[in-house]
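Take a look at the structure below.
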Amino acid sequence: MENLISITLNSIFISNILLAYFLGMCSFLAISKNIDTATGLGMAVVFVLTITTPANWLIYNFLLAPGALSWAGFPEADLSYLKFIIFIAVIAAIVQIVEMAIDRYSPALYAALGVFLPLIAVNCAVLGTSLFMVERSYTFIETIFFGFGSGIGWLLAIVSMAAIKKKLKYADVPRGLEGFGISMIVTGLMAMAFMLFSGITL
Amino acid sequence: MSESTDKLITTASEPVWKNNPISIQYLGICSALAVTVQMKTAIIMSLSLMFVVAFSNLTVSLLRSIIPRNIRILVELVIISTLVILADQVLRAFLYDISKQLSIFVGLIITNCIVMGRAETYALNNPPIQSFADGIGSGMGYGLVLTSAAFLRELFGSGSIMGYNVIPSSFYDAGYENMGLMLLAPGAFIIIGLFSWMQQTIMNK
């Protein structure tokens, strides 16, 4: 149990997927202009990450990992080199299914998240979390918490960025530094603030 | 020089500086920040990306009249993933240490917006040779930002360039210290921010 709490907190604060590993920067820079849309996209990312990371764990450990096919009579097979293409296909398919399911059962949620869902398929935070899960060889339960925690970390980062950008409108930024430049520097300062959490050990 | 080669050179050189994928078009920033702690990893990463974007542009452009409009993103993803698997396997076979350091970031070329972006906006509407040149140019523009960021981060963060120490030991004796911040994530954000500031200022003159 403590292990799970520590994985979750670690992925939210200390190794935040955006501020420590730089994943999901593209949509982070493009969508963080307005707090409401940022929250919507963040929620959608949490949702998709919590589903796709465990799904990819199952596929990797029962089909692709070295020796994983022994249940089918191929103990020698090692398909792990296929993981990139399979993971991205799984992510794209799940995003599509989730989109249809939400549209069918909860039109209100669909109205809030709908436009963001297709964007998420190519968000590197989603693929990155699945690849980190393989690299760190988590167990299935750990994977669920890791996926959820990474999503929350991303949500936290994009919502705070949107809030900062709102205040930034009133600031007098030098010409040339406006837009992209100042966003990067603000993100750098935010990353510095998040690094303070690394003193916390559980 | 004939007119067509002239045009090819312009196509290839435009994304290097004037229309740089990272600092002007703001694409593909994820990996740009993560692999720039050392110059060696930055150069290998740029070469892998250049390979992937050039050949994915070429393939998409060759197939552009066959790909059905509504599933084009899927087709592009399959082409890109195949090229990335190729690049990853080559790195594993010949440069195992560096491929370990690059960790998951080679795989993340798949979702790198530069590759998708160039395939969508350029390769789908232009002939193969030009698309290939555009891919090489985008790869070089990406490499330019990556290597300059890596140069600064490695020089100030660990006092070396390409793994060789360049700061003389007398400096350290006199009290010079490496700047630890450069090696951490915030250093990368700030360097890229300042790079874009410099470029905007030079270009607006």
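These protein sequence lines map, in sequence, to chains X and G. The numbering used here applies: residue 27 is where the first sequence begins, and numbers increase by one. The numbering used here applies: residue 533 is where the second sequence begins, and numbers increase by one. Backbone N, C-alpha and C define an ideal beta-carbon position, used for all residues, glycine too.
(request) Could you check what DSSP says for Asn-87(X) in three-state terms: helix, strand or coil? (result) helix
(request) Quick one: using the 10 Å Cβ neighbour count with 16 as the cut-off for buried, is Ile-167(X) buried or exposed? (result) Classified as exposed, Ile-167(X) has fewer than 16 neighbouring CB atoms from the shown chains inside 10 Å of its CB.
(message) For Ile-630(G), would you say it is in contact with chain X, using Cβ-to-Cβ distances shorter than 8 Å as the test?
(response) Not an interface residue.
(message) Assuming Gly-173(X) and Pro-101(X) are in contact, meaning their beta carbons sit under 8 Å apart, how far apart are those beta carbons, in whole angstroms?
(response) Incorrect: roughly 29 Å between the Cβ atoms, too far for contact.
(request) Return the chain-ordered ranges of every alpha helix (DSSP H) run that is complete within the segment 45 to 74 of chain X and spans a minimum of 4 residues. (result) 51 to 57
(message) So with CB distances below 9 Å, who are the chain G contacts of Glu-161(X)?
(response) Neighbours of Glu-161(X) on chain G, chain order: Ser-635 and Ile-636.
(request) Identify, in the order they occur along the chain, each residue of the same chain with its Cβ nearer than 7 Å to the Cβ of Phe-220(X), setting aside the five sequence neighbours on each side. (result) Phe-39, Asn-42 and Leu-45
(message) Looking only at its chain, what residues have a beta carbon closer than 8 Å to the beta carbon of Thr-679(G), apart from the 5 residues adjacent to it on each side?
(response) Met-571, Ala-574, Ile-575 and Ser-578
(message) Please state whether the Cβ-Cβ distance between Ile-612(G) and Ser-635(G) is less than 8 Å.
(response) Cβ distance not < 8 Å, so Ile-612(G) and Ser-635(G) don't count as in contact.
(request) For the alpha helix (DSSP H) holding Trp-549(G), just list the boundary residues, first then last. (result) Element bounds for Trp-549(G): n/a, residue is neither H nor E.
(request) With distances taken Cα to Cα, identify the nearest neighbour of Leu-108(X) among Ile-57(X), Ala-188(X), Phe-142(X) and Asn-82(X). (result) Restricting attention to Ile-57(X), Ala-188(X), Phe-142(X) and Asn-82(X), the CA atom closest to the CA of Leu-108(X) is found in Asn-82(X).
(request) Report the neighbours of Pro-718(G) on chain X: residues whose CB is nearer than 8 Å to its CB, in chain order. (result) Chain order gives the chain X residues near Pro-718(G) as Gly-214, Leu-215, Ala-217, Met-218 and Met-221, where near means a beta carbon separation below 8 Å.
(request) Flag Gln-570(G) as yes if its beta-carbon sits less than 8 Å from any beta-carbon of chain X, otherwise no. (result) no
(request) Could you tell me the distance, in whole angstroms, from the CA atom of Phe-171(X) to the CA atom of Thr-76(X)? (result) Their backbone Cα atoms lie some 8 Å apart in a straight line.
(message) For Met-648(G) and Leu-618(G), I'd like the C-alpha separation in whole angstroms.
(response) If you take the alpha carbons of Met-648(G) and Leu-618(G), they lie about 17 Å apart.
(request) Using a Cβ cut-off of 8 Å (strictly closer), state whether Met-648(G) contacts chain X. (result) yes
(request) Could you spell out the range, first to last residue, of the alpha helix (DSSP H) harbouring Asp-129(X)? (result) 109 to 131
(request) Can you tell me which of the three DSSP states Asn-149(X) falls into? (result) coil
(request) Can you tell me which of Gly-639(G), Leu-687(G), Ile-668(G) and Glu-652(G) puts its alpha carbon nearest to the alpha carbon of Phe-158(X)? (result) Gly-639(G)
(request) Determine the burial state of Trp-729(G): buried for a count of at least 16 other Cβ atoms within 10 Å of its Cβ, exposed for fewer. (result) buried
(message) DSSP has Tyr-696(G) in a bridge; who is on the other side?
(response) DSSP lists Ile-693(G) as partners of Tyr-696(G).
(message) Residues in the same chain with beta-carbon distance under 7 Å from Leu-559(G), minus the five sequence neighbours each way, listed in chain order, please.
(response) Pro-553, Cys-645, Ile-646 and Gly-649
(request) Please report the residue range of the alpha helix (DSSP H) in which Asp-705(G) lies. (result) 701 to 705
(request) Starting from the C-beta of Pro-600(G), find all residues in its chain whose C-beta is less than 6 Å away, skip the five residues before and the five after it, and write them out in chain order. (result) Answer for Pro-600(G): no residue qualifies.
(request) Output, in chain order, the set of chain G residues within a Cβ distance shorter than 9 Å of Ile-111(X). (result) Leu-609, Val-610, Ser-613, Thr-614, Val-616, Ile-617 and Ile-642
(request) Starting from Leu-30(X), trace the alpha helix (DSSP H) both ways and give me its first and last residue. (result) It spans 28 to 35 - the alpha helix (DSSP H) in which Leu-30(X) sits, taken as one unbroken run.
(message) Quick check: the Cα distance between Leu-84(X) and Lys-192(X), rounded to an integer number of angstroms?
(response) C-alpha separation (whole angstroms): 41 Å.
(message) For Ile-128(X) and Leu-153(X), which I take to be in contact (beta-carbon distance under 8 Å), what is that distance rounded to the nearest angstrom?
(response) Not quite, the Cβ-Cβ distance comes to about 21 Å (not below 8 Å), so this is no contact.
(request) Could you tell me whether any Cβ in chain X is nearer than 8 Å to the Cβ of Ala-566(G)? (result) yes
(request) Please report the residue range of the alpha helix (DSSP H) in which Leu-590(G) lies. (result) 571 to 594
(request) Inspect the beta-carbon positions of Gly-202(X) and Val-72(X) and report whether they are closer than 8 Å. (result) no
(message) Tell me the DSSP secondary structure of Ser-41(X) in three-state form.
(response) Residue state, collapsed to three classes: coil.
(request) In angstroms with no decimal places, state the Cα-to-Cα distance between Ala-655(G) and Val-567(G). (result) 27 Å
(request) Could you work out which residue in Met-27(X), Asn-29(X) and Leu-35(X) is closest to Trp-180(X) when comparing CA atoms only? (result) When C-alpha distances from Trp-180(X) are compared across Met-27(X), Asn-29(X) and Leu-35(X), the shortest belongs to Leu-35(X).
(message) With a threshold of 8 Å between beta-carbons, can Gly-202(X) be considered close to chain G, or not?
(response) yes
(request) Quick one: using the 10 Å Cβ neighbour count with 16 as the cut-off for buried, is Ala-706(G) buried or exposed? (result) Flag for Ala-706(G) reads exposed.
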